[in-house]
Amino acid sequence: MVTAKRDRLTGAGAQVVTEVSINFGSSLAGLAIPLVGSPVVVAVRQLVMAATVLPFYRPKLAGLSWRRLWPALALGVVLAVMNLTFYEAVDLLGLGIAATIEFLGPFALALASSRRLLDFVYATAAAGGVFLLTWSDGALNVLGIVYALTAAASWAAYILLTRKVAVSFPGLEGISVASVVSLTLLVPFALLTVDWTTLNWSVIGLLLAIGVLSSAFPYTLDTYILRRITPRLYAIITSFGPVIAALFGALVLGETFLLQQQIAIVVVCVAAGAAIASQRDKPKSELEIIAGAIP
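For the sequence shown, position 233 (counting from the first letter as 1) is numbered 233 according to UniProt numbering, and the numbering increases by one without interruption.
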């Protein structure tokens, strides 16, 4: 009993560290995007992820049918779209607002099959929070919101595809296929848009740090975490990611939030956390899918 409790505490602590790492990496991306552009930042991030996964989980494609392979290929496309649109949203809206809107994707997926009135209340509260968040300064950046909503939809698609990939491939082989596909799509775009005069060792170091903090470290730590905490606890901790993102947005990027925006971010996080915490346990639930697939 003592060992199990210790495992839960260390697993939960590690999950908090993961959330801090991902959002700190995203705040650094906010510094890098004005210098080199979103495509370059995302391409380097995917390159670091591929370099981390491929040496240990090299995919064995011989004999694979199209039925088994297509989810991994689609996952690679979704990864590219999700990360690129999220970073574009960060550039236009700021990290705190972009991260909050993006979280609507997995939150909506978690409630998609629910018939509870309480979940409708949580969803309404989250929608109201996002409305306050995007309108509280009297201006509306439509393109930024479109990017953030696209990232949210892509995150939901990522979760569903990851489930299929996990069934079709052993270990992280499916993720390694997806990382190669994503990298293949992003590199040409990055090469076409990069301003080579902006690249120096400081910028390259910044890009590599983003890749490590946002991809390599979290993916490695997730295996440790999910062996020690329940999918529900994993999802609840993740639901507070937007608050951590807003904190790093303020500390690293100098973002400021009106009182209404601060309240809105908290409302979205609390609504998501409460909805997930109050769900009944059942085999292969959407919450388990989310907890096992949040990037």
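Quick reminder that beta carbons are idealized off the backbone N, C-alpha and C, glycines included.
Fair warning: this is a prediction, and the values are worked out from it, not measured in the lab.
What do you reckon, are the CB atoms on Ala216 and Val48 nearer than 7 Å? yes
Is it the case that the Cβ atoms of Ser27 and Val266 are separated by a distance below 7 Å? no
From what residue to what residue does the alpha helix (DSSP H) around Arg45 run? 38 to 53
Give the straight-line distance between the Cα atoms of Cys269 and Tyr234, rounded to the nearest whole angstrom. 14 Å
Helix, strand or coil, according to DSSP, for Glu255 in the structure here? coil
Could you name the residues of the same chain whose beta carbon sits closer than 7 Å to that of Val78, not counting the 5 residues immediately before and after it, in chain order? For Val78, where only same-chain residues beyond five positions count, the Cβ hits under 7 Å are Ser154, Ala157, Tyr158, Leu161.
Can you check whether the CB of Ala99 is closer than 7 Å to the CB of Tyr147? No, they are not a contact pair.
Hey, how far is the Cα of Ile289 from the Cα of Phe107? Any reading at Ile289 needs caution, since the residue's pLDDT is 46, under 50, leaving its predicted position unreliable; the model's value is listed next. Distance between the alpha carbons of Ile289 and Phe107: 12 Å.
Buried or exposed by the 16-neighbour rule on C-beta atoms within 10 Å, applied to Thr256: Its Cβ having fewer than 16 others within 10 Å, Thr256 is exposed.
Are the Cβ atoms of Leu183 and Gln46 separated by less than 7 Å? yes
Run of the alpha helix (DSSP H) containing Gly128, from where it starts to where it stops: It spans 117 to 135 - the alpha helix (DSSP H) in which Gly128 sits, taken as one unbroken run.
Pick from Gln262, Leu92, Phe189: whose alpha carbon is nearest that of Ala29? The residue with the shortest Cα to Cα distance from Ala29 is Leu92.
Other residues of its chain near Thr193: CB distance less than 6 Å, five sequence neighbours each side excluded: Gly37, Pro39
Can you give me the start and stop residues for the alpha helix (DSSP H) that Ile210 sits inside? Following the DSSP letters along the chain, one finds Ile210 inside the alpha helix (DSSP H) bounded by residues 201 to 211.
Please list the terminal residues of the continuous alpha helix (DSSP H) segment that includes Thr100. 95 to 102
Taking a contact to mean a Cβ-Cβ separation below 7 Å, would you say Ala125 touches Ala272 in this structure? Result no, Cβ atoms of Ala125 and Ala272 do not sit closer than 7 Å.
Whose C-alpha, out of Leu199, Phe120, Arg228, is nearest the C-alpha of Ala274? Phe120
Would you identify the three-state DSSP class for Thr238, choosing helix, strand or coil? In the structure shown, Thr238 sits in a helix (DSSP, three-state: H, G or I).
Please report the Cβ distance between Val17 and Ile237, rounded to the nearest whole angstrom; I am assuming they are in contact, meaning their Cβ atoms lie under 8 Å. Between Ile237 and Val17 the Cβ distance is about 10 Å, and since that is not below 8 Å, they are no contact.
Do Leu104 and the ligand FAD come close, with the Cβ less than 6 Å from some heavy atom? Among the components modelled here there is no ligand, and therefore nothing to report on the ligand FAD.
Measure from the alpha carbon of Ala80 to the alpha carbon of each residue in Gly128, Ala277, Val42, Leu54, then state which is nearest. Val42
Alpha carbon to alpha carbon, how far is Pro55 from Leu109? Give it in angstroms, no decimals. 33 Å
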